[in-house]
Amino acid sequence: MPHIDSYRTWSRQVHGQTYTISTDPRLIQYDALDAAFRSDMLYWAQPLSPELMQRCVEQSLCFALYVVDNDGRIKGEQNDVHGNTETKGTETLQDPESKIQMVGFARLITDHVTFGYLTDVYVLSEHQGRGLGRWMMQCLNEVVSEWPMLRRCILFTRGETAARMYRKTIGMMEWDGQKAGLIFMERPGPGKRIPQGDGTEKEDKSV
1 MPHIDSYRTW SRQVHGQTYT ISTDPRLIQY DALDAAFRSD MLYWAQPLSP ELMQRCVEQS
61 LCFALYVVDN DGRIKGEQND VHGNTETKGT ETLQDPESKI QMVGFARLIT DHVTFGYLTD
121 VYVLSEHQGR GLGRWMMQCL NEVVSEWPML RRCILFTRGE TAARMYRKTI GMMEWDGQKA
181 GLIFMERPGP GKRIPQGDGT EKEDKSV
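The end of the sequence shown is residue 207 by full-length UniProt numbering, with every number in the run present.
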């Protein structure tokens, strides 16, 4: 888990509503995360026990998206981004339990040096269409761009819309390792929920 001094926060005004992204695991609302894991939106996930969910969070670099009451905004450097007010800083939210509601999430399984596996990315449907998924990926990209020995980040997604978003925000590319003589392999486990594809898979609607 990152040291407390390295936790990052970003805030943005969208349509008069304040949103904050934070890597501070102490703010994560496990009831909201559990509800997402139990929903059809996260078609790849299975519900986890509280103990296993906490372990997943503690062993990952998590980017949680919150909708924030005005009194809960953090202070930091102000920038105008596409007509929205954006704040960056290292301060945590004030009185988080009464001020914020978690509405999105992304989890990077990583050693914080050479490798990252991005998974469990979502924004609740009522908050989609506001560029929040793209913004969350831009925040993630800001962090991993500071890792000089990073070899690669990987992810799995479904549909061209989601793939295009990942290409534009974090520079993802379709796997083409065979040109270099590389073979991608996996060992499926009992927690895998995605069935074998038949070419008719729907678009990813999680962000």
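Where a beta carbon is used, it is the ideal one built from N, C-alpha and C, also for glycine.
A direct Cα-to-Cα measurement between Val144 and Val14 gives close to 25 Å. Pairing Met136 with Thr157, the inter-Cα distance amounts to about 16 Å.
Around Thr119, the same chain offers Arg107 as residues with beta carbons nearer than 6 Å, after the five sequence neighbours per side are excluded. As the crow flies, the alpha-carbon of Phe184 is around 45 Å from that of Gly16. The three-state reading of DSSP puts Gly104 in strand, counting E and B together. Less than 8 Å separates the beta-carbon of Tyr19 from that of Val67.
With distances taken between CA atoms, Ser206 lies nearest to Arg134 out of Arg134, Lys192 and Asp31. Excluding the 5 residues flanking it on each side, Cys62 has same chain C-beta neighbours closer than 8 Å at Thr23, Pro25, Ile28, Phe105, Ala106, Arg107 and Leu108, in chain order. DSSP, read as helix, strand or coil, puts Trp44 in coil.
In terms of CA proximity to Ile170, Ile154 leads the group Ile154, Leu42 and Trp10. Excluding the 5 residues flanking it on each side, Tyr166 has same chain C-beta neighbours closer than 6 Å at Met172, in chain order. When the beta-carbon positions are compared, Ala162 and Glu203 come within less than 8 Å of each other. In this structure, DSSP gives Ser39 a state outside helix and strand, which the three-state scheme calls coil.
Tyr66: member of the beta strand (DSSP E) spanning Leu61 to Val68, first to last residue. Residue environment: Gly189 is assigned as exposed (fewer than 16 neighbouring CB atoms within 10 Å of its CB, all protein chains considered). In the DSSP assignment, Thr161 falls within the unbroken alpha helix (DSSP H) covering Glu160 to Ile170.
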